[in-house]
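Asks: Right, I'll just put the structure down here and ask away after.
6 protein chains.
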Amino acid sequence: MPDYSSIKHFNVHFPAEHQYVAHVEINRADKMNAFFEAMWLELRSLFDTLSADPSVRAIVLSGAGPKAFTTGLDVKAASEGGVLSAEGDADTARKAAHLRRYIGTFQDCITALERCEKPVIAAMHGFALGLAVDMATACDVRLCARDVRFAVKEVDIGLAADIGTLSRLPKVVGNYGWVKEVALSARMFGAEEAEKVGFVSRVFGGKEELVKGALEVAGLIASKSPVAVQGTKDILNWSRDHPVNEGLRYTAVWNSAALQTNDVPAAMLSGIQKRKPTFEKL
Amino acid sequence: MPDYSSIKHFNVHFPAEHQYVAHVEINRADKMNAFFEAMWLELRSLFDTLSADPSVRAIVLSGAGPKAFTTGLDVKAASEGGVLSAEGDADTARKAAHLRRYIGTFQDCITALERCEKPVIAAMHGFALGLAVDMATACDVRLCARDVRFAVKEVDIGLAADIGTLSRLPKVVGNYGWVKEVALSARMFGAEEAEKVGFVSRVFGGKEELVKGALEVAGLIASKSPVAVQGTKDILNWSRDHPVNEGLRYTAVWNSAALQTNDVPAAMLSGIQKRKPTFEKL
Amino acid sequence: MPDYSSIKHFNVHFPAEHQYVAHVEINRADKMNAFFEAMWLELRSLFDTLSADPSVRAIVLSGAGPKAFTTGLDVKAASEGGVLSAEGDADTARKAAHLRRYIGTFQDCITALERCEKPVIAAMHGFALGLAVDMATACDVRLCARDVRFAVKEVDIGLAADIGTLSRLPKVVGNYGWVKEVALSARMFGAEEAEKVGFVSRVFGGKEELVKGALEVAGLIASKSPVAVQGTKDILNWSRDHPVNEGLRYTAVWNSAALQTNDVPAAMLSGIQKRKPTFEKL
Amino acid sequence: MPDYSSIKHFNVHFPAEHQYVAHVEINRADKMNAFFEAMWLELRSLFDTLSADPSVRAIVLSGAGPKAFTTGLDVKAASEGGVLSAEGDADTARKAAHLRRYIGTFQDCITALERCEKPVIAAMHGFALGLAVDMATACDVRLCARDVRFAVKEVDIGLAADIGTLSRLPKVVGNYGWVKEVALSARMFGAEEAEKVGFVSRVFGGKEELVKGALEVAGLIASKSPVAVQGTKDILNWSRDHPVNEGLRYTAVWNSAALQTNDVPAAMLSGIQKRKPTFEKL
Amino acid sequence: MPDYSSIKHFNVHFPAEHQYVAHVEINRADKMNAFFEAMWLELRSLFDTLSADPSVRAIVLSGAGPKAFTTGLDVKAASEGGVLSAEGDADTARKAAHLRRYIGTFQDCITALERCEKPVIAAMHGFALGLAVDMATACDVRLCARDVRFAVKEVDIGLAADIGTLSRLPKVVGNYGWVKEVALSARMFGAEEAEKVGFVSRVFGGKEELVKGALEVAGLIASKSPVAVQGTKDILNWSRDHPVNEGLRYTAVWNSAALQTNDVPAAMLSGIQKRKPTFEKL
Amino acid sequence: MPDYSSIKHFNVHFPAEHQYVAHVEINRADKMNAFFEAMWLELRSLFDTLSADPSVRAIVLSGAGPKAFTTGLDVKAASEGGVLSAEGDADTARKAAHLRRYIGTFQDCITALERCEKPVIAAMHGFALGLAVDMATACDVRLCARDVRFAVKEVDIGLAADIGTLSRLPKVVGNYGWVKEVALSARMFGAEEAEKVGFVSRVFGGKEELVKGALEVAGLIASKSPVAVQGTKDILNWSRDHPVNEGLRYTAVWNSAALQTNDVPAAMLSGIQKRKPTFEKL
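Protein chains in written order, with full-length UniProt numbering: chain A, 1 to 282; chain B, 1 to 282; chain C, 1 to 282; chain D, 1 to 282; chain E, 1 to 282; chain F, 1 to 282.
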């Protein structure tokens, strides 16, 4: 089992009551869990590790403290740290080259949530602004507390959201009309609207309830065949980006190996015998 | 007119009160309309025939008996019949080759609903599990009774759904978030949720009402110009899998022939004269 | 500033209370704002001009008169003017070539709404049929009055909708199921249903309220950084037609220039100082 | 083993000197092997059967008689048989619907060469016109005799080649410039030019030498691991139609099953021991 | 027939000896036919007109004077005229917005050669640098004189070629390896190399011979059915940008109208009667 | 400047006579430069570093010793090390999951050559088998010595080439016909054939000449504007995987930043003044 003790900006728990579930908490509550560069770099390395850890089958991502999932980019740190301001007197094309690399790395760190082989459930409360939405769209299931305040905040600081929201949010909810409206106006929206448009699957009363509920969803998923669950996640991500006929072919090729698992007879048998199946690690 | 009398596993009716409408009923009520291989092979040949039958302009697909549209794959038949178990001691790669062919054929049989040139309306009641969802997503319009119980059931038998649900369901409803949640948890959902997310267009009280309602929708579609209706189905399927600019071009090329139909002046004239138009067979 | 005084079929206003907002009104109220060829050609040239006009940052499109946004194509003019009837005795392939060009030009005129660099808000009341839906789907935000009556009307005149609805409507609302149902049946639907499926973002009481509300949305968008707003529109249109990874890359390349704007520090500073930022023309 | 004795328009041999090789000969020498509808329907069913026949690992396709591989479509039969002339007084749109189906079926018959899981080697001599090129581009390897005369002949009978040449030939040779020139002019080209542009891999002296050479290439391929060979064919066809990153992913998914074959250790061992490996049937 | 007399920077001839052929000559021989903005704008309007002119079926594009097809962009004019230098003190993002529009328009002007419905044959002699290659790749057939000197010259003036070469040249020749080498090094290459890699189809002795030869190729193409020729051009351009299965479908839809032409029986009959067919204008 | 001294399996030189050029040599001559896992992991980290090193503008990749560029995968190490043999008694689906990860990582290591922002020139001599071809196709320019022996060797060890050859080789040479032939037969081919099909750009006499020649090509490229060169590489890689219209748009967006470089005026001025320009680091 990998060692998670060196992780600094996140708490990593393995709740006893939910086998194979990891709970990752953004751990900078005094700053509303705002992100700076070291945090997203660590997020990537953490989820790349969880992705390959055979004792993990589902993951919950939430924010520490009572106030926020995350308020997004720590703008103050960003403006001091320099990418957006610095580069001294390099010419425009050279600054552009550095920005492409910087944005590319930042995007890749958030994409780690999507490429993680295990389903990731975002459990969001309080403020969930800007980067919060980028991260949420890279997760598989989104849940929230009644008090959540979402916003695609980027136009309010003079830029187009570039860490994933504009690419993923429309595909999560399916509705470009609504996405354009919230992305162009940068307005806040709450739990009810988020549920109505399908950005979140369920709304819980408060943060405690939310985290409990998220861990239960994760526990349910973790109790299924990991071959089936991880195949389903991968194939759905592929389908999102391909025509139906290419989705069908990819699925057939994938399942030509996956159907040779012991999990199918195990699952069928336990279905007949009405008992809980056990699946080998993956 | 083709001969449908040799069809064994489906009832094929042509209801007198709805000209140009075919009603196909899955006919294995004693087994909850569960499917085995001969049935999906026959489904393909039936819909390929209906597709080219000029006396058919819209089709309703429903399940016989009071209990189920279909409970999906007849798992018992499948586990005995052998694809999933058999192949003896062929090596993994050889088993994989057989599985690719088997899944490919199975997918193609269900895709027959989608490539059928005439709109297909799924009318679903009772249990509608696993393969039921695969089939429904390959239809054009989905209606259901109040008592319907849907589930993307596959992870519960240890596999990722591979006959179409993972490729088509997200595009039917548009919302990947909801699809991931129901596909990863395999949980049941009912008529109300199905309508809310747009998986079905309308909910009817009971099975009888449902079938009556489905036939009326089919009858309405069948009363329109078949050139217009079949073009609309084909172009919408194309659009689903292409960028907007390629959708526009394909539509222009398609309509360069279709607009030369007599149906346009016929429809316009009957619009002005407030009478029902008649269209030649197609 | 461009001269809009020669525009004949549309009113172009610049409301004093909303800086950088243009209001375009379809101006043929006596014919329910029905379109003939000269109108869509002028629509294209108007929006191509607005697109490049640095004093415009958001646009509202509405219909003059109390009865209709637009009833769509002026079928009478079309059937007399001749494309659909004429071409004399040219053979089928030659007629097809002319139809491809004609449809292509017509599509391009409506696509001018989409390629306009500034967000376009459709404000729809009364009848909004056929071409109305084609145009609305090429806009960025859709609002309507309580009395609006929508229909994808084309199958009722014997043809598949070819000016954009079949390509864009499913991507606007995300739900192919609902689109197929309304496109195959040509049935009317109202404000409530349009809001439920996400075709419109908000419903207003009457036309006056609607236009006022639309101008306010436009005003809000126009108060933001035009670099951020126009980038957001362009990137969302790109994302609609591409896989997520290609959306991310395109966004990174786009923002490698856009992030070098003065608007980012200006927006950040005014955020800290709680005052309204000023942005240079674009 | 399937029964090939009922095949009428093709000779099917299994040459003793090349294990696992099938030799298919177009068998209408008195008409220069010109095709009519029953022939392409039979070609499809023949190659769909060969595709699944475990005793076949590579296939040679050649033409009977001294004069031609095939002169393509039997224009006389086509003009009598009716698709191009008939349909009586159906309107243009209805004729178009029939033509779409007819062309679609015809294309699918030729595509059977491409979807055949085993490599197909076209061995062409004499006239190889029109449909000959459509078929050749759907094969995997192309060889010819010195006397061959190729032409993309279709524009000379008033139509754009629609059975595959315009879609596949540019991807076979890679050069759109050359393809446009030969397709727009319909001019003949011979063995030397065909080899220079890479349409054929090798040129043989006469027909006898050609067929012998083709069988040797087939024999060489048939002596390799069928898991490796069939995977290579499938993946190369996929790559042709996809970006590099999607080719890489598909390959990884494919090989996750294929690498678990016994053929890898068998091939490695026989490599070390310098003896010919034996591979199980596939 | 359109009026070409107002065209300033190009000579437009209709050579008597080749019916339906237009000959367009870049007419700025004293400046080696170097392009400035008004010229590419006029090129677009000229080819958009030729595209729809029913008396034109094939077009030759060559350069006036003995020295050059064209040396490309008139760098001096460009650096004075201002796009590359000007924009005063607009910020980087605003300059970028203007550059996107400017490049987009410039690209669209050259793309007019590609979207012209009639085949365009580039006949190149002397210097053919930079923009010359962009234009040539947007044509359908490329021919050259022995003395031609090509170069993808752009890196030598500090930029990546952005008017089409990097997008089209690899698809014209099919070989990315060669394209990368000439594009990264900006080195000259001559007629022999151009023919070897398939950039040109044929090499002629001198300019006079070249133009004569190009007109003959154009004349040959113009003698064929325009329905067949224009369909072939359009479908090959579509195929270049799509997978094979989408090429096949598009072709079937296209030909469902095109095969209903009188040109097919006319071409067949004249084939049998060994006489030259006549085709109606298109 | 990054520290390359810890690199173990490769020699990294910066030849004094070619400013901004790095020379990377595969350094395992005693084993014919065969690769084991640590080597491809190090290759990735090396090229990711070179990609961002502002003192590097072009890179040559060659093999140490007289006998081979590389004979590819060290099959002995691979079969001992275990991926292909090991996984003990995990079931097929679990082995498949490990294989997908393993192949994915391996592919990503080789893709580092392609995503390196600076052009990479492969200089190949002696044996260049299997993985050698995978690596060569991920480079930008390929050169070879007269004695080179290439083979797409994978089918001979029972597998389909999965580290890039099947995805990239056809796009490098453009000709699927030739690729299928060499990939299905696994036959050797030499310098002359490689040059004829365009797999290599130039053939040199011996290894010494080859490396000298490769460094000169690299030196030439390194003397150009790095903004222009790196843009050209990136855009050509994008074009390979996209339709022409998407290539054009991406190029316009890219150049909207890149054209604001000082390199354009610097390059133009030095062109006029006939002296060598100097470009800032990038």
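Even for Gly, the Cβ is constructed at its ideal location relative to N, Cα and C.
Of all Cβ atoms in chain D, is any one closer than 8 Å to the Cβ of C:THR251?
Replies: Along the third sequence, one-based indexing puts residue 251 of chain C at 251. For C:THR251, the answer is no, since every Cβ of chain D falls outside 8 Å of its Cβ.
Asks: At what residues does the alpha helix (DSSP H) containing F:CYS109 begin and finish?
Replies: Here the question's residue 109 of chain F lines up with position 109 in the sixth sequence. Residues 92–115.
Asks: Report the neighbours of D:PHE199 on chain F: residues whose CB is nearer than 8 Å to its CB, in chain order.
Replies: The count along the fourth sequence starts at 1 and reaches residue 199 of chain D at position 199. Within 8 Å Cβ-Cβ: GLY177.
Asks: Check whether the region 216–235 of chain B touches the region 55–68 of chain D, counting contact only when three or more Cβ pairs, one atom from each stretch, lie closer than 8 Å.
Replies: no
Asks: Quick one: grab the DSSP three-state call for A:MET268.
Replies: Your numbering for residue 268 of chain A matches position 268 in the first sequence. In the structure shown, A:MET268 adopts helical secondary structure according to DSSP, grouped into three states.
Asks: In three-state DSSP terms, what is D:ALA77?
Replies: Position 77 of the fourth sequence, counted from the first residue, corresponds to residue 77 of chain D. Helix at D:ALA77.
Asks: Is the CB-CB distance between A:LEU131 and A:PHE35 below 8 Å?
Replies: By one-based count along the first sequence, residue 131 of chain A stands at place 131. By one-based count along the first sequence, residue 35 of chain A stands at place 35. Yes, the Cβ-Cβ distance between A:LEU131 and A:PHE35 is below 8 Å.
Asks: Can you give me the start and stop residues for the beta strand (DSSP E) that C:GLY213 sits inside?
Replies: Counted from its first residue, the third sequence places residue 213 of chain C at position 213. No beta strand (DSSP E) holds C:GLY213; the alpha helix (DSSP H) holding it covers 207–222.
Asks: Does DSSP put residue 283 of chain B in a helix, a strand or coil?
Replies: Residue 283 of chain B lies beyond the residue range present for chain B, which begins at 1 and ends at 282; the question has no answer from this structure.
Asks: Would the C-beta of B:PHE69 count as close to the ligand ATP, meaning under 7 Å from any of its heavy atoms?
Replies: Among the ligands in the structure shown, none appear at all, so the ligand ATP cannot be discussed.
Asks: Here's a check: name, in chain order, each residue in its chain whose Cβ is nearer than 8 Å to the Cβ of F:GLU216, leaving out the five neighbours to either side.
Replies: For the purposes of this step, residue 216 of chain F is taken as residue 216 along the sixth sequence, with counting starting at 1. Contacts found: HIS18.
Asks: Classify C:ASP3 as buried or exposed, calling it buried when 16 or more other Cβ atoms lie within 10 Å of its own Cβ.
Replies: On the third sequence, position 3 is the one that residue 3 of chain C refers to. C:ASP3 comes out exposed.
Asks: Which residues in chain C sit within 9 Å of A:GLU195, going by Cβ to Cβ distance?
Replies: Residue numbering aside, residue 195 of chain A sits at position 195 when the first sequence is read from its first letter. Result: empty, since nearest Cβ-Cβ is about 13 Å, beyond 9 Å.
Asks: Using 8 Å as the threshold, is the region 213–228 of chain C in touch with the region 184–193 of chain A, meaning 3 or more CB pairs across them?
Replies: yes
Asks: Just checking: is the beta-carbon of D:TRP254 within a distance shorter than 8 Å of some beta-carbon in chain A?
Replies: By 1-based counting over the fourth sequence, the position of residue 254 of chain D is 254. Yes - at least one Cβ of chain A is within 8 Å of the one on D:TRP254.
Asks: Taking 6 Å as the limit between beta carbons, can you name the residues of its chain near F:VAL155, skipping five residues before and five after?
Replies: Walking along the sixth sequence from the start, residue 155 of chain F turns up at place 155. Taken in chain order, the residues that qualify are ALA186.
Asks: What residues are listed by DSSP as bridge partners for D:PHE150?
Replies: Position 150 of the fourth sequence holds residue 150 of chain D. Its beta-bridge partners are D:ALA128, D:PHE189.
Asks: Are the beta-carbon atoms of D:SER51 and D:GLU117 separated by less than 8 Å?
Replies: Indexing the fourth sequence from 1 puts residue 51 of chain D at position 51. Indexing the fourth sequence from 1 puts residue 117 of chain D at position 117. Cβ distance < 8 Å, so D:SER51 and D:GLU117 count as in contact.
Asks: Among the candidates C:SER55, C:TRP40, C:PRO243, C:GLY104, whose CA atom is the shortest distance from the CA of C:HIS13?
Replies: Taking the third sequence and counting its residues from 1, one reaches residue 13 of chain C at position 13. Checked all of C:SER55, C:TRP40, C:PRO243, C:GLY104; the closest Cα to C:HIS13 is C:SER55.
Asks: Report yes or no: do three or more beta-carbon pairs, one from the region 92–101 of chain F and one from the region 251–262 of chain F, lie closer than 8 Å?
Replies: By the Cβ rule, the region 92–101 of chain F does not count as touching the region 251–262 of chain F, because fewer than three pairs are nearer than 8 Å.
Asks: State yes or no: is the beta carbon of E:ILE110 nearer than 8 Å to at least one beta carbon in chain D?
Replies: On the fifth sequence, residue 110 of chain E is found 110 positions in, with the first residue counted as 1. It does not: the Cβ of E:ILE110 has no partner Cβ on chain D nearer than 8 Å.
Asks: With H, G and I counted as helix, E and B as strand and the rest as coil, what does DSSP make of A:GLU17?
Replies: The sequence position of residue 17 of chain A within the first sequence is 17, counting from 1. DSSP, reduced to helix, strand and coil, places A:GLU17 outside both helices and strands of the structure shown, so it counts as coil.
Asks: Please decide whether A:THR70 counts as near chain F, where near means a Cβ-Cβ distance under 8 Å.
Replies: Stepping through the first sequence from its first residue, residue 70 of chain A is reached at position 70. Not one chain F Cβ lies under 8 Å of A:THR70.
Asks: Apply the 10 Å Cβ neighbour rule to E:GLY206 and answer buried if 16 or more other Cβ atoms are within range, or exposed otherwise.
Replies: As a working note, residue 206 of chain E is residue 206 in the fifth sequence. The residue in question, E:GLY206, is exposed, as its Cβ has fewer than 16 Cβ neighbours within 10 Å.
Asks: Relative to the alpha-carbon of C:ASP147, which residue among C:ALA22, C:HIS125, C:SER167 has its alpha-carbon at the smallest distance?
Replies: Position 147 of the third sequence, counted from the start, is the residue given in the question as residue 147 of chain C. Residue C:HIS125 is the option with its Cα nearest to C:ASP147.
Asks: Determine the chain B residues that contact C:ILE235 at a beta-carbon separation under 8 Å, and present them in chain order.
Replies: To locate residue 235 of chain C, count along the third sequence from 1; it is residue 235. By Cβ distance, chain B contributes nothing, its closest Cβ being about 15 Å from C:ILE235, past 8 Å.
Asks: Taking any Cβ of chain E, which residues in the region 143–156 of chain D have a Cβ under 9 Å from it, in chain order?
Replies: Listed in sequence order: VAL152, GLU154, VAL155, ASP156.
Asks: Kindly list the residues whose CB is nearer than 6 Å to the CB of D:GLU280, restricted to its own chain and excluding five residues on each side of it in sequence; keep chain order.
Replies: Taking the first residue of the fourth sequence as position 1, residue 280 of chain D is located at position 280. Cβ within range, chain order: n/a, list empty.
Asks: What is the rounded straight-line gap between the Cα of B:GLU80 and the Cα of A:ALA267?
Replies: In the second sequence, residue 80 of chain B corresponds to position 80, counting from 1. In the first sequence, residue 267 of chain A corresponds to position 267, counting from 1. If you take the alpha carbons of B:GLU80 and A:ALA267, they lie about 16 Å apart.
Asks: Spell out the partners DSSP gives B:SER62 in its beta bridges.
Replies: Start at 1 with the first residue of the second sequence, and residue 62 of chain B comes out as number 62. When DSSP reads this structure, B:SER62 sits in a beta bridge with B:GLU25.
Asks: Are at least three pairs of beta-carbons, each pair with one atom in the region 37–53 of chain D and one in the region 233–252 of chain D, less than 8 Å apart?
Replies: no
Asks: Determine whether the Cβ of B:SER239 lies closer than 8 Å to any Cβ atom of chain A.
Replies: Position 239 of the second sequence, counted from the start, is the residue given in the question as residue 239 of chain B. Not closer than 8 Å to any Cβ of chain A, the Cβ of B:SER239 fails to qualify, so no.
Asks: Could you say which of E:THR137, E:GLY177, E:THR278 lies nearest to E:THR165 if we only look at CA atoms?
Replies: Along the fifth sequence, read from residue 1 onward, the residue named residue 165 of chain E stands at position 165. Closest option to E:THR165, Cα to Cα, is E:THR137.
Asks: Which word fits C:SER85, buried or exposed, when buried means at least 16 other C-beta atoms lie within 10 angstroms of its C-beta?
Replies: The sequence position of residue 85 of chain C within the third sequence is 85, counting from 1. Model confidence at C:SER85 stands at a pLDDT of 47, short of 50, so the residue's coordinates are unreliable and nothing is read from them.
Asks: Rounded to the nearest angstrom, how far is the Cβ of F:PHE127 from that of F:LYS67, given a contact under 8 Å?
Replies: Indexing the sixth sequence from 1 puts residue 127 of chain F at position 127. Indexing the sixth sequence from 1 puts residue 67 of chain F at position 67. Going by Cβ atoms, the distance from F:PHE127 to F:LYS67 rounds to 7 Å, so yes, they are a contact pair.
Asks: Among residues of its own chain, excluding the 5 on either side of B:ILE7, which ones have a beta-carbon nearer than 8 Å to its beta-carbon?
Replies: Translated into the one-based positions of the second sequence, residue 7 of chain B becomes position 7. GLU42, LEU46.
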